[in-house]
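J.: In short: position in the sequence shown from 1, add 46, done, that's the numbering used here.
All C-beta atoms in this analysis are idealised placements derived from N, C-alpha and C, irrespective of residue type, glycine included.
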Amino acid sequence: LLGNHGLKVWALGAHLAGQCVGDLWDPRLDGFAPADCQGNPEKIRAWAIQEMKYTAQAAKNMGCSVVTGFMGSPVWKYWYSFPQTSDDMIDGAFKEIVKLWSPILDEFDKQGVKFALEVHPTEIAFDYYTAERLLKEFKDRPTLGFNFDPSHLIWQGVTPHVFLRDFSKRVFHVHMKDAAVNHDGKAGVLGSHFAFGDTRRGWNFRSLGHGDVDFENIIRELNVAGYQGPLSVEWEDSGMEREYGAKEACAFVRRVDFAPSTLAFDEAMKK
47 LLGNHGLKVW ALGAHLAGQC VGDLWDPRLD GFAPADCQGN PEKIRAWAIQ EMKYTAQAAK
107 NMGCSVVTGF MGSPVWKYWY SFPQTSDDMI DGAFKEIVKL WSPILDEFDK QGVKFALEVH
167 PTEIAFDYYT AERLLKEFKD RPTLGFNFDP SHLIWQGVTP HVFLRDFSKR VFHVHMKDAA
227 VNHDGKAGVL GSHFAFGDTR RGWNFRSLGH GDVDFENIIR ELNVAGYQGP LSVEWEDSGM
287 EREYGAKEAC AFVRRVDFAP STLAFDEAMK K
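(1) Among 298, 293 and 68, which one has its Cα closest to the Cα of residue 145?
(2) Could you tell me how far apart the beta carbons of residue 193 and residue 229 are, in whole angstroms, since I believe they sit closer than 8 Å?
(3) Could you spell out where the alpha helix (DSSP H) holding residue 151 opens and where it closes?
(4) Where do the ends of the beta strand (DSSP E) carrying residue 113 lie?
(5) Can the beta-carbon of residue 58 be found closer than 8 Å to that of residue 104?
(6) Classify residue 48 as helix, strand or coil using the three-state DSSP reduction.
(7) Here's the rule: buried if 16 or more other CB atoms are within 10 angstroms of the residue's CB, otherwise exposed. What is residue 290?
(8) Out of 110, 214, 164 and 295, which has the shortest C-alpha to C-alpha gap to residue 254?
(9) Can you name, in chain order, every residue of its own chain whose Cβ lies under 7 Å from the Cβ of residue 269, other than the five neighbours on each side?
(10) Tell me whether residue 125 is buried or exposed, calling it buried when 16 or more other Cβ atoms sit within 10 Å of its Cβ.
(11) With the cut-off set at 8 Å, would you say residue 283 and residue 252 are in Cβ contact?
(12) Decide if residue 163 is buried, meaning its Cβ has at least 16 other Cβ atoms within 10 Å, or exposed.
(13) Can you tell me the Cα-Cα spacing of residue 128 and residue 138, whole angstroms?
(14) On the premise that residue 166 lies in contact with residue 116, defined as a C-beta separation below 8 Å, what is that separation, rounded to the nearest angstrom?
(15) Which residue or residues does DSSP assign as beta-bridge partners of residue 279?
(16) Just list the residues that DSSP pairs residue 164 with in beta bridges.
(17) Can residue 88 and residue 63 be called in contact, C-beta distance under 8 Å?
(18) Comparing C-alpha positions only, which one of 135, 243 and 152 sits nearest to residue 170?
(19) Label residue 257 either buried or exposed according to how many other C-beta atoms from any shown protein chain fall within 10 Å of its C-beta, with 16 as the threshold for buried.
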């Protein structure tokens, strides 16, 4: 059916179920799980683990080799170092994620599908160094990689194309998504409990080309790495009309997605 309309499934998303696998329960997770699981952390987690396995099976049946999503984190609530967050707490959290996710990734291996974690606040891997540690904790398991989304890195102070350069072999999927950082002397990067889109925030998601992400360097790094996957527009601009933004974003991707050179610029001088 999709093929008849010139469409193809490049990846399945399983963010909400994945979040429920690794998170410590709070009432917000009830909205991600079936109604009969609400208020029951063990039941929510069991449902989520099975759901992730089903997703790997569904991906294979659809001829899709990548599932993107979240993994959750039992330690995200302790991201700030006061009250003191001990090394043992962090070590234990990574070990818990490995324990919870290894059987899921076994199913992904069985189905020949890769899992691409979206490096994102609230996840066990949310920046450069936690992403690096996650791969190490899983012993560089080939099934596990990343869904690269620059909008979640730039406001943290992580340079997106540097992340991409260092983890290029583990990038299975790419989100084209922009964010604008607001250094006005008042706004902090933690959002001040303002809703997305509030112009008082220290940063906001923006339609492509309307934020601070350097997409040219991202495309250059993807070309160097030989990335052959999709450039998937994830559109979350609260200040722009959606249909206008979607059309403009699509045009932006086509404009910025230049092919790599097939020879050095000075090649002719050698002859």
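T.: Inspection of the coordinates gives the following:
(1) Reading the sequence shown from its first residue, position 99 is the one you call residue 145. Of the listed residues, the one whose Cα sits closest to residue 145 is 68.
(2) Translated into positions along the sequence shown, residue 193 becomes position 147. Translated into positions along the sequence shown, residue 229 becomes position 183. Not a contact, Cβ separation roughly 28 Å.
(3) By one-based count along the sequence shown, residue 151 stands at place 105. Start and end: 133–157.
(4) Here residue 113 is taken as the residue at index 67 of the sequence shown, counted from 1. Counting along the chain, the beta strand (DSSP E) containing residue 113 begins and ends at 112–115.
(5) Numbered from its first residue, the sequence shown carries residue 58 at position 12. Numbered from its first residue, the sequence shown carries residue 104 at position 58. Contact: yes.
(6) Here residue 48 corresponds to residue number 2 of the sequence shown, with the count starting at 1. In this structure, residue 48 counts as coil in the three-state DSSP scheme.
(7) Position 244 of the sequence shown, counted from the first residue, corresponds to residue 290. Per the 10 Å Cβ criterion, exposed.
(8) Locating residue 254 in the sequence shown gives position 208, counting from the first residue. Comparing Cα positions, the closest option is 295.
(9) Residue numbering aside, residue 269 sits at position 223 when the sequence shown is read from its first letter. Correct list, in chain order: 306.
(10) For the purposes of this step, residue 125 is taken as residue 79 along the sequence shown, with counting starting at 1. Flag for residue 125 reads exposed.
(11) Counting from 1 along the sequence shown, the entry for residue 283 is found at position 237. Counting from 1 along the sequence shown, the entry for residue 252 is found at position 206. Contact flag set, yes.
(12) Numbered from 1 along the sequence shown, position 117 holds the residue referred to as residue 163. The residue in question, residue 163, is buried, as its Cβ has 16 or more Cβ neighbours within 10 Å.
(13) As a first step, residue 128 must be located in the sequence shown, where it is residue number 82. As a first step, residue 138 must be located in the sequence shown, where it is residue number 92. Straight-line Cα distance between these residues: approximately 18 Å.
(14) Taking the first residue of the sequence shown as 1, we reach residue 116 at position 70. Taking the first residue of the sequence shown as 1, we reach residue 166 at position 120. Going by Cβ atoms, the distance from residue 116 to residue 166 rounds to 7 Å, so yes, they are a contact pair.
(15) Start at 1 with the first residue of the sequence shown, and residue 279 comes out as number 233. DSSP, once it has assigned bridges, lists 222 as partnering residue 279.
(16) Here residue 164 is taken as the residue at index 118 of the sequence shown, counted from 1. Paired residues: 193.
(17) The residue you call residue 88 lines up with position 42 of the sequence shown. The residue you call residue 63 lines up with position 17 of the sequence shown. Cβ distance not < 8 Å, so residue 88 and residue 63 don't count as in contact.
(18) One-based indexing of the sequence shown puts residue 170 at position 124. Selected option, being the one with the closest Cα: 135.
(19) Walking along the sequence shown from the start, residue 257 turns up at place 211. Its Cβ being crowded by 16 or more others within 10 Å, residue 257 is buried.
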